[in-house]
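Just below is one structure, and these are the notes that go with it.
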Amino acid sequence: MTAPVLEVTDLRKHFTVRKGLMRRRVGQVFAVDGVSFTIAPGETLGLVGESGCGKSTVARTVMRLIEPSAGSIKLGGTDVTRLSRREMRPFRRQMQMIFQDPFSSLNPRMTAGQIVAEPLLVHGVATGKAAEERAEALFAQVGLRTGQMRNYPHQFSGGQRQRISIARALALGPKLIIGDEPVSALDVSIQAQVINLLADLQKAHGLSYLFIAHDLAVVEHISHRVAVMYLGRIVEIADKTTLFQRPLHPYTEALLAAVPVPDPKLKRRRNLLDGDVPSPLNPPPGCAFHTRCPIAEARCRSETPLLHQAAGDHHVACHLR
Ligand code: SF4
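Everything in the sequence shown is counted per this note's numbering, starting at 533 for the first residue and increasing by one.
Listed below in structure tokens is the structure:
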């Protein structure tokens, strides 16, 4: 079996909530509470859940933009969880991130060409003419004209700006790209173009992706496996076909019910999801989904279900499935 590019084990990120003049500790938010997964070379893992379920915290913690409270993050077999900023530097080249809003993640005072070439200069990979030529090649790879390299971010459309972000992410030849809702801010037709581009780049470079979205429809095309998160935990993980055709967790079923049906003659599944995600500051006891679950029973309110193997690589955290 090929060694995973990324191996995340029992990752936790807890934030202390303080209040008042004395910054009194009033509680803890369990933003990520024991998340484990692996991503193989050339594989895309889709990570899905509603806003506030901890997906972005997983992404930022894996990137070491924020420090984990516990657990381990292995990149290509090396544990990078406790490395210092300096020790982390060579590993930064191996994983890059694309953000939801390309406008706020691109420096408005730099030209698109400078933005794409910047990582090459910062990491000492190329300078001068060599950096410019590499930036030109990256522009071509993401479907932008090299003539656009002198333009500033505000002169591009949203989809084009995300292409610039992708070119910048590719500059250092990473093994893993983490996309934190990379298409959520784009029109549906543009979303498809960007997803197709990411799929083509994956084939060309053997890239692995952690692709985060709040909507299962978005991850369907690009993912090989999908993990569903609810209030800081993975509640179901399976290969894409299994998850879409034979979901087991009531939350996954509810998210699937919200996916638009392409054929109007097909009966739309009943929308099962009522209310909002409960506050992670005061999560419900037992199964965190019990306040919205249509099949919850008494023990769901007191016993926390663990992620268990339902079949093969299909794992689910539910007492009844
Ligand atoms: Fe619903 Fe209970 Fe399963 Fe949680 S453990 S998803 S509340 S049935």
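Yeah, the Cβ is synthetic: ideal placement off N, Cα and C, and Gly gets one too.
Keep in mind it's a predicted model, so treat the numbers as computed, not measured.
So residue i and residue j are supposed to be a Cβ contact under 8 Å. How far apart are they, rounded?
i	j	result
residue 809	residue 763	6 Å
residue 667	residue 648	4 Å
residue 757	residue 577	5 Å
residue 678	residue 671	5 Å
residue 701	residue 628	4 Å
Based on DSSP bridge pairs, tell me the residues matched to residue i.
i	result
residue 843	846
residue 761	766
residue 546	562
residue 696	Paired residue(s): none; residue 696 is not in a bridge.
residue 745	580
residue 604	541
residue 569	540
Output the distance between the C-alpha atoms of residue i and residue j, rounded to the nearest integer angstrom.
i	j	result
residue 590	residue 732	25 Å
residue 728	residue 754	8 Å
residue 693	residue 553	42 Å
residue 486	residue 710	Because the chain is modelled from 533 through 853, residue 486 falls outside the range shown and cannot be assessed.
residue 844	residue 822	26 Å
residue 780	residue 849	9 Å
residue 740	residue 556	43 Å
residue 570	residue 650	30 Å
residue 626	residue 706	4 Å
residue 725	residue 574	20 Å
residue 805	residue 760	15 Å
residue 638	residue 829	49 Å
residue 676	residue 698	11 Å
residue 818	residue 835	4 Å
residue 838	residue 604	19 Å
residue 479	residue 773	The shown model of the chain, from 533 to 853, leaves out residue 479, and the question about it has no answer.
residue 735	residue 833	45 Å
residue 721	residue 622	37 Å
residue 742	residue 592	12 Å
residue 669	residue 599	35 Å
residue 564	residue 586	6 Å
Quick check on this structure: which residue in the options has the alpha carbon closest to the alpha carbon of residue i?
i	options	result
residue 769	595, 846 and 722	846
residue 635	626, 690 and 775	690
residue 631	663, 615, 596 and 588	588
residue 686	642, 828 and 840	642
residue 765	572, 575 and 546	546
residue 695	680, 706, 708 and 707	680
residue 540	561, 610, 555 and 597	610
residue 820	613, 783 and 656	783
residue 717	684, 656, 633 and 771	633
residue 713	738, 551 and 744	744
residue 567	723, 548, 602 and 620	602
### Message
Could you check whether the stretch 577–587 touches the stretch 807–821, counting it as contact only if at least three pairs of C-beta atoms, one from each stretch, sit closer than 8 Å?
### Response
yes
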